[in-house]
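The structure under discussion appears below in the form of structure tokens.
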Amino acid sequence: MLDAFEIVRKNLGLLGHAFLVTIELNVASIALALALGTLMGIGRVYGGRWAYRVLGFVIDVVRSIPILVIMVWTFFGLPLLLGLRVFPAFLAGVLALGLHSGVYIAEIVRGGLASVRTGQMHAALALGMSWSQAIRRIILPQAAIRMMPPLSTRLVRNIKDSVLASTIAVQELFWAANLLEGETAKPFPIYTTLMVFYFLVIVVIARALDRAYLRVAARGAA
Amino acid sequence: MFFWPAFWDTFPALASGLLVTIELTLLVMPCALVLALVLALTRLYAPHPLARIATGWVELWRATPLLLQLYWLYYVMPSEFGILLPAFTAVAFGLICNVSAFLSENFRAGIASIRVGQRHAGLSLGMSESQAFFRVVMPQAWSRVLPETASMWVELFKETSLVSTLAVADLTYRALALRTENYRTLEVLTALALTYLVLAYPQAKLSDWLYRRQRVTE
Chain A
789 MLDAFEIVRK NLGLLGHAFL VTIELNVASI ALALALGTLM GIGRVYGGRW AYRVLGFVID
849 VVRSIPILVI MVWTFFGLPL LLGLRVFPAF LAGVLALGLH SGVYIAEIVR GGLASVRTGQ
909 MHAALALGMS WSQAIRRIIL PQAAIRMMPP LSTRLVRNIK DSVLASTIAV QELFWAANLL
969 EGETAKPFPI YTTLMVFYFL VIVVIARALD RAYLRVAARG AA
Chain B
430 MFFWPAFWDT FPALASGLLV TIELTLLVMP CALVLALVLA LTRLYAPHPL ARIATGWVEL
490 WRATPLLLQL YWLYYVMPSE FGILLPAFTA VAFGLICNVS AFLSENFRAG IASIRVGQRH
550 AGLSLGMSES QAFFRVVMPQ AWSRVLPETA SMWVELFKET SLVSTLAVAD LTYRALALRT
610 ENYRTLEVLT ALALTYLVLA YPQAKLSDWL YRRQRVTE
């Protein structure tokens, strides 16, 4: 049975390269999602009634569409809408994952910001801070700690969703596995290795994030 | 540039796929609820080795990508174990295992959050263990896990779209097939996204409403 895994060992180069693409895809999309989510979350809490409603609607719309459909639409549909001839699959993957995770993060940020008592904002303003200083220095640091557990969940989810980029031919790990399976017709060693690999990566990341949270949790207590 | 007739014509073409999507959701959810309850109870009350195995099983399904799980079931089961599964059965089985793993974690937390005194009170009134669980603990736990379960339902509805990659003719599959027939990519894919939106949006709102209504304040 172990001989079967020879096929994986022989192709470690291909898989390793594809894993790098998976890392790039996740780093880029998570960065985009964090930026987007933070802006939208702040907009919902401090932007007034209309920003609250409009952003809320945008968030609900994106939440209601499967990530696979968002991804396929972004890759095939968006360039047609924009009149672009060339649209890199990697870029489409980053945009789709970033938008999808971003709206979930927006809700996490909103909840985190809303959990910081309004007295904190008043105190910062009374000390002469500007509004943006108060958010950056007083509100966000406290909210950030409370946001960590749901953010970790989202981050892990982003890693799992990133395999869907294989459907728009982003040459990430699952895409490489499918390529290898197509060439060799040996699904067992290939998909099993991938399963174990994703399991280990995700468990290690999830545990590390848990630990990091426990270390700072006390400072985020209300 | 956006060809409206092609857009409108997409919806009837998706109807048969929509039925498969709904069928899959309606089939998977009840099975997953039962399996999740069994898993949660095993983890909470079963003897040590059994509880450990259940935990490992849940972690396995939670910590790997769903698409990979579906591929594994569909391709490896026949090639390695000689179990030839029709695509629909394979993906339904995969979705049940995946969804039940997430639900069981939620159930476990919900059941554990009901104070042990409730069970004791039930027992002291002369109830049996199972009576105390099903009549006293479970109803209270259920109202706590309901919102999460509702949002899992919405998740499941969306995640059935992954079965299109294994040629199960669901909503997404029909749209992608239609796209290769008429090359009206933007119209077809937009209609697809809109179909999911119209169907999932009320469900998501309902689950939000449950969250607000069931918020625990102790």
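In order, the protein sequences belong to chains A and B. With our numbering applied, the first sequence covers 789 to 1010. With our numbering applied, the second sequence covers 430 to 647. Every residue gets a Cβ at the ideal spot worked out from N, C-alpha and C, and that includes glycine. Just so we're clear, the structure is a prediction, and the values are computed from it rather than from any experiment.
- At a cut-off of 9 Å between C-beta atoms, PRO494/B counts as an interface residue with respect to chain A.
- Excluding sequence positions up to five before and after GLU616/B, its CB lies within less than 6 Å of the CB of PHE432, ALA435, PHE436, all in the same chain and listed in chain order.
- With respect to chain B, the C-beta atom of ASP848/A has a partner C-beta closer than 9 Å.
- Residues of the stretch 848-876 of chain A whose Cβ lies closer than 7 Å to any Cβ of chain B, in chain order: ASP848, VAL849, ARG851, SER852, ILE853, PRO854, LEU856, VAL857, VAL860, TRP861, PHE864, GLY865, LEU868, LEU869.
- A Cβ-Cβ distance of about 16 Å is found for the pair LEU447/B and GLU588/B, leaving them out of contact under the 8 Å criterion.
- The beta carbon of TRP486/B sits no closer than 9 Å to any beta carbon of chain A.
- DSSP places PHE987/A in the uninterrupted alpha helix (DSSP H) bounded by 975-1004.
- Annotation: the continuous alpha helix (DSSP H) that includes PRO631/B extends over 614-642.
- Counting only residues of its own chain and dropping the five nearest sequence neighbours on each side, PHE510/B has no CB closer than 6 Å to any other CB.
- Residue range 600-611 is occupied by the alpha helix (DSSP H) that includes ARG608/B.
- For the stretch 980-995 of chain A, the set of residues with a beta-carbon nearer than 8 Å to any beta-carbon of chain B comprises THR980, LEU982, MET983, TYR986, PHE987, ILE990, VAL991, ALA994, in chain order.
- Scanning the stretch 458-500 of chain B for uninterrupted alpha helix (DSSP H) segments of 4 residues or longer gives 477-491, 495-500, listed from N- to C-terminal end.
- Following the DSSP letters along the chain, one finds ILE818/A inside the alpha helix (DSSP H) bounded by residues 800-834.
- For THR955/A, the chain B residues whose C-beta falls within less than 7 Å of its own C-beta are THR594, listed in chain order.
- As the crow flies, the alpha-carbon of LEU462/B is around 22 Å from that of ARG644/B.
- For the options LEU887/A, GLU812/A, ALA965/A, HIS910/A, the alpha carbon positioned closest to that of LEU982/A is the one of ALA965/A.
- THR609/B sits exposed, since fewer than 16 C-beta atoms from the chains shown fall within 10 Å of its C-beta.
- Between the stretch 578-595 of chain B and the stretch 551-562 of chain B, the count of Cβ pairs shorter than 8 Å is below three; the stretches do not touch.
- The beta carbon of LEU968/A is closer than 6 Å to those of ASN799, ILE978 in its chain, skipping five residues each way along the sequence.
- Nearest CB-CB separation between SER508/B and chain A: below the 9 Å threshold.
- DSSP, read as helix, strand or coil, puts SER557/B in coil.
- Residue-level contact by beta carbon holds for GLU969/A and chain B, with a gap shorter than 9 Å.
- One finds ILE853, VAL857, ILE858, TRP861 in chain A with Cβ atoms closer than 8 Å to the Cβ of ALA622/B, taken in chain order.
- Residue state for GLU960/A is assigned as coil, using DSSP reduced to three classes.
- Not flagged as an interface residue toward chain A: PHE517/B, since no C-beta distance is shorter than 9 Å.
- A straight-line Cα-Cα distance of about 18 Å links LEU497/B and VAL857/A.
- Under the three-state reduction of DSSP, ARG905/A is assigned to coil, being neither helix nor strand.
- Excluding the 5 residues flanking it on each side, LEU813/A has same chain C-beta neighbours closer than 8 Å at PHE878, GLY881, VAL882, LEU885, SER950, ALA953, VAL958, GLU960, in chain order.
- Note that the C-beta distance between LEU468/B and SER508/B is not below 9 Å.
- If you draw a straight line from the Cα of ARG851/A to the Cα of GLN921/A, it comes to about 31 Å.
- Remark: C-beta atoms of VAL1004/A and MET917/A do not approach each other more closely than 9 Å.
- For the pair PRO854/A and TYR602/B, the CB atoms are not nearer than the 9 Å cut-off.
- What LEU497/B touches in chain A, judged by beta-carbon distance under 7 Å, is VAL951, PHE962, TYR979, LEU982, MET983, TYR986, going in chain order.
- Contact with chain A is absent for THR454/B, since none of that chain's Cβ atoms lies less than 9 Å from the residue's Cβ.
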